[in-house]
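The next block holds one structure in the form of structure tokens; read it before the comments.
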Amino acid sequence: MLKIERPLPHGGRLVERVVRDPKLAKKMAKGCPVYDIKPTLHFETGVPVRNVYREIMSICYGFFSPVEGSMTQAEVERILKERRLLNEWVFPFPLVFDISEEDYKKLGVTSGDRVLLRLKGEPFAVLDVEEVWRIDNPEELAHKTFGTPEDNPEVVRERFDKKHPGWVIYRSLNPVVLAGKYTIINEPKFKPPFDRFWYPPRKSREEYDKRGWRTVINHQTRNVPHVGHEFLMKDAAFIGDIEPCHGIQVNAIIGVKRRGDYPDEAIVEGHEMVHLAGYIKPERHLVTMCLWDMRYGNPLESMLHGIIRQNMGCTHHMFGRDHAAVGEYYDMYATQILWGKGIPSFGFPAPITDVPYGLQIRPQNMAEFWYCPKCGEIAYSGTCNHTKEKQKFSGSFVRGMVAEGVFPPKVIFRPEVYKVIVKWWKKFGYPFCNEKYVKEKEERLEVDLPHMEV
Amino acid sequence: MAHFIAILLDEKRLDALKGTGLEEKISDLFGGALKALNIEVPEEAEKGIMEAFTAARIDSRGAITDVPIAFNRVLFEEIVKHKSIGKEVFDSVLARADEIKEAAAKESTYLPPPDIDLSDIEELQKKPYQSA
Chain A
423 MLKIERPLPH
433 GGRLVERVVR
443 DPKLAKKMAK
453 GCPVYDIKPT
463 LHFETGVPVR
473 NVYREIMSIC
483 YGFFSPVEGS
493 MTQAEVERIL
503 KERRLLNEWV
513 FPFPLVFDIS
523 EEDYKKLGVT
533 SGDRVLLRLK
543 GEPFAVLDVE
553 EVWRIDNPEE
563 LAHKTFGTPE
573 DNPEVVRERF
583 DKKHPGWVIY
593 RSLNPVVLAG
603 KYTIINEPKF
613 KPPFDRFWYP
623 PRKSREEYDK
633 RGWRTVINHQ
643 TRNVPHVGHE
653 FLMKDAAFIG
663 DIEPCHGIQV
673 NAIIGVKRRG
683 DYPDEAIVEG
693 HEMVHLAGYI
703 KPERHLVTMC
713 LWDMRYGNPL
723 ESMLHGIIRQ
733 NMGCTHHMFG
743 RDHAAVGEYY
753 DMYATQILWG
763 KGIPSFGFPA
773 PITDVPYGLQ
783 IRPQNMAEFW
793 YCPKCGEIAY
803 SGTCNHTKEK
813 QKFSGSFVRG
823 MVAEGVFPPK
833 VIFRPEVYKV
843 IVKWWKKFGY
853 PFCNEKYVKE
863 KEERLEVDLP
873 HMEV
Chain B
29 MAHFIAILLD
39 EKRLDALKGT
49 GLEEKISDLF
59 GGALKALNIE
69 VPEEAEKGIM
79 EAFTAARIDS
89 RGAITDVPIA
99 FNRVLFEEIV
109 KHKSIGKEVF
119 DSVLARADEI
129 KEAAAKESTY
139 LPPPDIDLSD
149 IEELQKKPYQ
159 SA
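Put into structure tokens, the structure is as follows:
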């Protein structure tokens, strides 16, 4: 069989833990102790670095299938040791609902209890507590989460520290973990522009059916696309099977960002503009998003990306150099090593698609694209031999040009895409995420919640 | 290996370089779509830049980037003043580090957006292909 079929969700079935019947929802929440969700604050600066609501959304809508809730201590320990859930399926990161000792005392819950979680003052979800456990040493948890040069010499190059935003998230966790399954009882409504990019796995699979897509390649993004990204998408999509991939999906990670990233609004609309302005046919291009405060965990993040996009129904996933990376903590090809031959110290002696309970989505490991003045086009580094003449797309070079207010040439940014950056720049007074943007966004979030009386 | 800084040149900056003798140092980027002065940074100066501006880093091209916008502005002013891209330019720039830092602090909260016409994209966005 040469034709590739859509993969099953990771774990065999899609998790969907969303109650849409208001009567049932109210019944589930009635009489429960209430906890108002708070952002996780940086352990030193107090700046928001994560909001657990995003994890609850991604779990309950099935992006993280087969995960169903906040993890027990045994599950977290298994992940840190072997990157597997207790049911054997591979998974990269601990996901926990953490609260302070003070809040825990006020709540007064124990295993077997149900907690009503409120977001923006409205009922949002319930958490059925199976276990209460404590994070004794968040620094140790942070190190174990990302690996160390001693324990993971294949890919970890530097010891993680407070300059790494993902490490900071784990270092900043509260000490008490309420483990158990989440269920959303009051569906949040996405605000524009996010509302038209919300395709949780069941909906994305239905959308592929509607569009007649059997093969779909995913492009991970946390960027407004420059022309190099566009050519990566277009060229990687030739893989397919007996024909190029039917669909090109962009899945933007929406959540707390680091300074210098583009605002989320500009990222999703920038990608949309690629098809609105006709650079990729809209019939072949789907812009979507997933809520997650990025851990920047390079190979581990790529594993999560594979899980998310397999759950969405993608057959292929493109991975580049320094995938979801920041700094030089990991080898620049760590992701491609994981998908190409495996990382034994993380529990994968073979590629992550070739181990039991592994992934089914196929990697398309790509090198880089550059502009070649001699070829007069965007060229693939594996093909173009004009290495002296090449002009690389450096993200920081492009950001510098944007910040100086220079209108980028067409070979760097499509003019319409650049104008999307300017649109949001005018709104926020800044072209990139800065402390003000992060603080305000963490207050308003991407969603509003309908009023619900319990 | 010596690293470099690329100063992007718009029309105004190109005019300012006329008669300085530096015109021949102007290079084409992206097939001539952009003009730039690529300036090799002496080792001592690089050390000073990295110490003074902690966000600065070396990118995959070997360029020193992520310096404040004010840094590039001051660097260009000093180049024009000295009619040179030599060590003395960096000495003068680093002597103005406090002034650059002060300007950079304001840059972290506000940058003026370019005044360009957005009507074409507003028109396209009125008819999105994907709907909520």
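Chains as they are written, first to last, in this note's numbering: chain A, 423 to 876; chain B, 29 to 160.
Every residue gets a Cβ at the ideal spot worked out from N, C-alpha and C, and that includes glycine.
Whether residue i touches residue j by CB criterion (8 Å)
i: A:T643; j: A:M450; result: no
i: B:A132; j: B:A98; result: yes
i: A:R476; j: A:G719; result: no
i: A:I670; j: A:A659; result: yes
i: A:I903; j: A:E580; result: The shown model of chain A, from 423 to 876, leaves out residue 903 of chain A, and the question about it has no answer.
i: A:F768; j: A:T757; result: no
i: A:I557; j: A:P597; result: yes
i: B:A91; j: B:H31; result: yes
i: A:N608; j: A:F546; result: yes
i: A:V869; j: A:K613; result: yes
i: A:H648; j: A:F854; result: no
i: A:P560; j: A:Y592; result: yes
i: A:S492; j: A:V456; result: no
i: A:H739; j: A:G728; result: yes
i: A:V512; j: A:L708; result: no
For residue i: DSSP bridge partner residues
i: A:Q786; result: A:M740
i: A:D458; result: A:R540
i: A:Y604; result: A:L549
i: A:G491; result: A:K603
i: B:E68; result: B:F32
i: B:T93; result: B:R85
i: A:D870; result: A:K611
i: B:K63; result: B:L37, B:D56
i: A:V512; result: A:R506
is_contact[residue i, chain B] using C-beta, thresh 8 Å
i: A:F819; result: yes
i: A:Q813; result: yes
i: A:W511; result: no
i: A:R435; result: no
i: A:N807; result: no
i: A:Y684; result: no
i: A:L698; result: yes
i: A:A659; result: no
i: A:E694; result: yes
i: A:G827; result: yes
i: A:F791; result: no
i: A:G822; result: yes
i: A:P647; result: no
i: A:P623; result: no
i: A:R556; result: no
i: A:S803; result: no
i: A:G669; result: no
Host beta strand (DSSP E) of residue i (start-end)
i: A:I675; result: 669–676
i: B:F104; result: Element bounds for B:F104: not the beta strand (DSSP E) but the alpha helix (DSSP H), 97–110.
i: A:S470; result: In the sequence as presented, Ser is not what sits at residue 470 of chain A; that position holds Pro. Looking at the DSSP string, the run of the beta strand (DSSP E) that includes A:P470 is 470–473.
i: A:M711; result: 707–713
i: A:N640; result: 638–643
i: A:F791; result: 791–794
i: A:I591; result: From DSSP, A:I591 is part of no beta strand (DSSP E) but of the alpha helix (DSSP H) over 587–593.
i: A:E799; result: 799–802
Beta carbon proximity, residue i to chain A, threshold 8 Å
i: B:A152; result: Sequence inspection shows Leu at residue 152 of chain B; the Ala mentioned does not correspond to that position. So yes, B:L152 belongs to the interface.
i: B:N100; result: yes
i: B:L45; result: no
i: B:S120; result: no
i: B:D148; result: yes
i: B:K48; result: Residue 48 of chain B is actually Thr in this sequence, not Lys. Not one chain A Cβ lies under 8 Å of B:T48.
i: B:L57; result: yes
i: B:L103; result: no
i: B:L36; result: yes
i: B:L62; result: yes
i: B:P141; result: yes
Chain E within 8 Å of residue i, Cβ atoms only
i: A:N856; result: Among the chains of the structure shown, chain E does not appear; the protein chains present are A and B.
First through last residue of the alpha helix (DSSP H) which encompasses residue i
i: A:A451; result: 444–451
i: A:S724; result: 720–734
i: A:E687; result: 686–698
i: B:Q153; result: 147–153
Residues within the stretch 732–766 of chain A neighbouring chain B, beta-carbon criterion of under 7 Å: none
Any residues in the stretch 72–91 of chain B with a beta carbon nearer than 9 Å to a beta carbon of chain A? Which ones, in chain order? Of all residues in the stretch 72–91 of chain B, A83, R85, D87, S88, R89, A91 have a Cβ within less than 9 Å of some Cβ in chain A.
Members of the stretch 835–849 of chain A near chain B, C-beta cut-off 7 Å: E838, K841, V842, V844, K845, W847, K848
Please list, in chain order, the residues of the stretch 106–139 of chain B that have any C-beta partner in chain A closer than 9 Å. The stretch 106–139 of chain B vs chain A, Cβ under 9 Å: E135, S136, T137, Y138, L139.
The stretch 595–618 of chain A: which residues have C-beta closer than 8 Å to a C-beta of chain B, in chain order? F612, P614, D617, R618
Near-chain B residues of the stretch 423–455 of chain A (beta-carbon distance less than 7 Å), N- to C-terminal order: none
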